[in-house]
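J.: Under my numbering, residues -5 to 47 are what the sequence shown spells out, in order. Every residue, glycine too, gets a C-beta built ideally from N, C-alpha and C. Predicted, not measured: the structure shown is a model, and the values here were computed from it. The structure that follows is given in the form of structure tokens.
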Amino acid sequence: MDLVVRCPCGWETQGPEEQVVAAATAHGREAHGEEPTRQQVMTMARPATGWSL
Ligand SMILES: [Zn+2]
């Protein structure tokens, strides 16, 4: 199942878990100067299906 991860800054990524974790980790490092842990990324993750109302 694909996941959606949305950063508080408005950045968003969607894809398989491994992909969104990698992308969000890189985003945190490059955009915010701080790498989120896998657990922090998963806290922000939501299932891609059924996300929109
Ligand atoms: Zn961000």
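Flag Ala16 as yes when its Cβ comes closer than 7 Å to any non-hydrogen atom of ligand 1, and as no otherwise.
T.: Ala16: no, Cβ never under 7 Å from ligand 1.
J.: So, for Ala25: in the same chain, excluding its five sequence neighbours on each side, which residues have a beta-carbon less than 8 Å away from its beta-carbon?
T.: Around Ala25: Cys1, Cys3 and Trp5.
J.: Got a sec: does ligand 1 put a non-hydrogen atom nearer than 7 Å to the Cβ of Ala42?
T.: Incorrect: Ala42 has no Cβ contact closer than 7 Å to ligand 1.
J.: Quick one: give me the first and last residue of the alpha helix (DSSP H) that Gly22 is part of.
T.: Taken as a continuous stretch (DSSP letters only), the alpha helix (DSSP H) holding Gly22 covers Glu11 to His26.
J.: CA-CA distance, Ala42 and Gly27?
T.: If you take the alpha carbons of Ala42 and Gly27, they lie about 27 Å apart.
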